[in-house]
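Undergrad: According to the working numbering, the sequence shown is numbered sequentially starting from 1.
No residue lacks a Cβ here, since even glycine has one placed at the ideal position from N, Cα and C.
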Amino acid sequence: MPISTQPTRRELLSAGAGALTIAAGGTQVDAGPGRAVTGALAATAADARPRRPKRIGVISASIDGRAQRTNGHTWHFAQYFHPEINMAGIRRHLDPGSVRMFERYLRSPRYTFDQLPFPDTRITHVYANPADGLENYIETFPGVRIARTLDELVESVDAVWLGDASGRGNDHYELVAPGLRRGLPTFCDKPIGGTVAETRRILDLAREQGAPLMSSSLFRHEFGMEHALRMRDSGDFGPIQYVLASMAGGYTPAGWFIYGHHPVWTVMTLCGPGVEAVSLYAREATAHTLITYRDRMPAEVWYGRPDLSGQYCQTNVYFTRQVYQFTPAMEGDFWYGHHYEMFRMAHAFREMIHTRREPVPHNEILEVTAILHAGARSLTERGRLVQLAEVMPGRD
1 MPISTQPTRR
11 ELLSAGAGAL
21 TIAAGGTQVD
31 AGPGRAVTGA
41 LAATAADARP
51 RRPKRIGVIS
61 ASIDGRAQRT
71 NGHTWHFAQY
81 FHPEINMAGI
91 RRHLDPGSVR
101 MFERYLRSPR
111 YTFDQLPFPD
121 TRITHVYANP
131 ADGLENYIET
141 FPGVRIARTL
151 DELVESVDAV
161 WLGDASGRGN
171 DHYELVAPGL
181 RRGLPTFCDK
191 PIGGTVAETR
201 RILDLAREQG
211 APLMSSSLFR
221 HEFGMEHALR
231 MRDSGDFGPI
241 QYVLASMAGG
251 YTPAGWFIYG
261 HHPVWTVMTL
271 CGPGVEAVSL
281 YAREATAHTL
291 ITYRDRMPAE
301 VWYGRPDLSG
311 QYCQTNVYFT
321 RQVYQFTPAM
331 EGDFWYGHHY
341 EMFRMAHAFR
351 EMIHTRREPV
361 PHNEILEVTA
371 ILHAGARSLT
381 ERGRLVQLAE
391 VMPGRD
């Protein structure tokens with residue numbers, strides 16, 4: 001069975017022909033192969049811009065009541081929605097690695113994917129409770145105002161982005177509920193709810209209010225994932241026989257409920273909902289999770305894989321006629337690929353704001369939460385295959 005490694009961006013991105021970008025003063029500068037905004041594309045984008053950009057309200061979740069002062073999911077992830085940035089603020093308030101990321105990728109004219117900055121969105125308000133660190137945020141993103149209350153925020157925006165870098169989701173319902181009740185398109189970061197019941201509560205509220213809701217993992221938006229889905233949907237490589245979703249970093253029982261979302265979302269994205277049972281075995285800083293289906297082949301999560309230093313994760317998709325293996329890297333550059341997956345997730349939310357069509361089905365969001373809890377129960381019972389119905393009562 002042949003192994004296919006990740007194709008280069010030049011092979012799969014139509015933007016490869018662009019070699020010029022338009023600088024702020026209108027001067028054409030060399031932006032490198034495949035990394036430019038051509039004059040024609042820039043003009044087309046400008047013609048299509050709405051008169052008033054969609055206003056985004058950013059909410060930073062807490063970690064058990066403690067502020068996330070430099071919450072990467074509101075600084076790194078949400079910055080795509082705001083055309084202006086004060087790089088002096090980035091250098092003053094973020095760590096050196098994040099500063100390099102902003103300078104070399106996130107705000108570099110060489111890495112715009114022919115779409116950045118988004119011309120039709122703007123962050124107008126930010127909220128957190130406690131509000132520690134928000135003064136730094138509005139210094140860095142010009143024009144953003146601190147909302148004193150959630151009601152003030154949701155009354156002033158067209159959509160809500162809740163970011164949570166490493167929290168537990170226990171304040172997510174209270175933070176997103178006011179916007180959902182107003183029918184606002186809402187992004188609710190992982191873990192969307194700390195329990196299956198809390199996740200269902202958020203999903204039910206969104207459905208009752210007719211509010212478009214998105215929750216996802218970056219792994220769902222990797223460049224390699226997009227190609228794997230094209231391979232799956234083409235039918236040219238046969239059906240998927242097995243998925244191995246691996247992630248670096250040391251496994252811990254608490255970390256499973258936060259970072260375990262990522263490889264589980266990989267499985268869900270490729271194999272779909274309808275999981276029957278979950279078995280988890282852990283030893284030291286490594287865990288293996290078997291995810292089974294009644295009507296299709298299983299998948300496995302390897303959390304704490306020791307050989308992925310510098311790549312963070314790797315996915316092997318075993319089709320009947322070919323194995324496709326990918327990491328987040330693009331052209332061998334992890335940070336370039338990381339920029340891409342963040343951009344693609346932001347782009348999916350932006351599209352949802354405009355169309356009000358949800359890009360991620362609710363049943364997938366709920367099953368991801370249930371898989372995590374079934375795995376935790378399995379661990380306490382020596383790896384027993386725990387039926388998803390045991391942790392998700394009333395499942396259709």
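1. Thinking C-beta only, is Thr121 closer than 8 Å to Arg350?
2. Can you tell me which of the three DSSP states Val391 falls into?
3. List, from N- to C-terminal side, the beta strand (DSSP E) runs of 3 residues or more that fit wholly inside the region 185-215.
4. Could you check where the beta strand (DSSP E) with Arg232 kicks off and where it finishes?
5. Compute the Euclidean distance between the alpha carbons of Arg230 and Val301, then round it to the nearest angstrom.
6. May I ask which residues mark the beginning and end of the alpha helix (DSSP H) holding Ile371?
7. Going by beta carbon distance, what residues of the same chain come within less than 8 Å of Gln241, once the five residues before and after it are set aside?
8. Taking only three categories from DSSP, how would you classify His172?
9. Could you check which residue in Leu175, Leu280, Val275, Ser166 has the C-alpha nearest to that of Ala147?
10. Short of 8 Å in beta carbon distance, which residues of its chain neighbour Phe397, apart from the five on each side in sequence? Order them along the chain.
11. Three or more C-beta pairs under 8 Å: does that hold for the region 182-195 against the region 92-104?
12. Quick one: grab the DSSP three-state call for Leu94.
13. Would you mind working out which of Val196, Tyr340, Ala287, Leu372 sits nearest Tyr173, comparing C-alpha positions?
14. Rounded to whole angstroms, what's the CA-CA distance from Leu153 to Val126? Just pull it up for me.
15. Looking at the secondary structure, which residues open and close the beta strand (DSSP E) in which Met247 lies?
16. Considering only C-alpha positions, which residue in the set Tyr281, His354, Ile138, Gln115 is nearest to Glu381?
17. Evaluate contact between the region 244-259 and the region 197-216, counting only Cβ atoms and requiring at least three cross-stretch pairs below 8 Å.
18. Let me check one thing: in DSSP terms, what residues is Phe326 bridge-paired to?
19. DSSP on Ala31, reduced to helix/strand/coil?
20. Would the beta-carbon of Pro117 fall within 8 Å of that of Pro83?
21. Here's the rule: buried if 16 or more other CB atoms are within 10 angstroms of the residue's CB, otherwise exposed. What is Ser309?
22. How would you label Arg344, buried or exposed, when you count the other beta carbons within 10 angstroms and need 16 or more for buried?
23. Do Pro212 and Glu358 have their beta-carbon atoms positioned less than 8 Å apart in this structure?
24. With Val264 as the anchor, note down where its alpha helix (DSSP H) starts and where it stops.
25. Along the chain, where does the alpha helix (DSSP H) that runs through Ile85 open and close?
26. In angstroms, rounded to a whole number, what distance separates the CA positions of Ala389 and Thr199?
27. Excluding sequence positions up to five away, which residues of its chain have a Cβ less than 8 Å from the Cβ of His261?
28. Hey, how far is the Cα of His93 from the Cα of Gly133?
29. With 16 other CB atoms within 10 Å as the buried threshold, where does Arg283 fall?
30. Measure the Cβ-Cβ separation of Ala454 and Ala159 and say whether it is below 8 Å.
31. So, is Met247 buried or exposed, given that buried needs 16 or more other C-beta atoms within 10 angstroms?
32. How is Phe118 classed by DSSP in three states: helix, strand or coil?
33. In three-state DSSP terms, what is Ala131?
34. Quick one: what's Ala299 bridged to in DSSP?
35. So, helix, strand or coil for Asp164, using DSSP?
36. Just checking my contact of Gln68 with Ala165 at CB under 8 Å: how many whole Å lie between their CB atoms?
TA: Result, derived from the coordinates:
1. yes
2. helix
3. 186-188
4. Note, Arg232: premise wrong, no beta strand (DSSP E); alpha helix (DSSP H) at 223-234.
5. 22 Å
6. 362-380
7. Met297, Tyr318, Phe319, Thr320
8. helix
9. Leu175
10. Only positions 1 to 396 of the chain appear in this structure, which leaves residue 397 out of reach.
11. no
12. coil
13. Val196
14. 7 Å
15. 240-247
16. Tyr281
17. no
18. Thr315
19. At Ala31 the pLDDT is 37, less than 50, meaning the model places this residue with poor confidence and gives no usable figure here.
20. yes
21. exposed
22. buried
23. yes
24. 261-271
25. That residue, Ile85, is in no alpha helix (DSSP H); it is neither H nor E in DSSP.
26. 15 Å
27. Lys190, Pro191, Ser217, Val368, Leu372
28. 9 Å
29. exposed
30. Residue 454 falls outside the range modelled here, since the chain spans only 1 to 396, and no answer is possible.
31. buried
32. coil
33. coil
34. Val243, Ile291
35. coil
36. 6 Å
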